[in-house]
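Residue numbers (this note's numbering): 150 to 271.
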């Protein structure tokens with residue numbers, strides 16, 4: 150019985166540690182802090198092994214890191230803004246070039262007609 154009680158207490162403590170670590174992860178996500186195991190160790194005081202050996206924690210940390218990289222990456226935001234500007238400029242250039250092509254095609258038709266008239270008259 151005593152052994153069972155020890156195991157139960159150990160599991161309870163482990164669950165409490167997991168909940169504490171998950172709360173810290175949520176806080177870090179909300180404040181847009183970069184989530185790393187080192188940062189979690191510093192904030193929680195738990196061991197590195199806790200985050201890597203505990204399957205639940207390893208999964209939670211990996212999911213949070215993935216979520217964070219998808220939702221907020223300052224470098225990616227800057228790159229996206231630059232790419233958006235580049236895309237807009239490229240679309241404007243394409244429109245201008247299409248317009249110029251139409252003008253040149255029209256001019257080409259007119260010049261061909263003039264050439265045909267000149268050939269007939271000579």
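C-beta: ideal position from N, C-alpha, C; glycine also. Because the structure is a prediction, the values reported are computed rather than measured.
{"query": "Cβ-Cβ distance between residue 185 and residue 214 below 9 Å", "result": "yes"}
{"query": "Cβ neighbours of residue 209 in the same chain (closer than 8 Å, five flanking residues each side left out)", "result": "167, 170, 171 and 174"}
{"query": "Straight-line Cα distance separating residue 260 from residue 266", "result": "10 Å"}
{"query": "Alpha-carbon to alpha-carbon, residue 159 and residue 152", "result": "11 Å"}
{"query": "Residue 197 Cβ short of 8 Å to the ligand GDP heavy atom set", "result": "This structure simply doesn't include the ligand GDP, nor any ligand for that matter."}
{"query": "Residue 228 (DSSP reduced to helix, strand or coil)", "result": "helix"}
{"query": "Three-state class that DSSP yields for residue 254 in the structure shown", "result": "helix"}
{"query": "CB of residue 188 within 9 Å of CB of residue 177, strictly", "result": "yes"}
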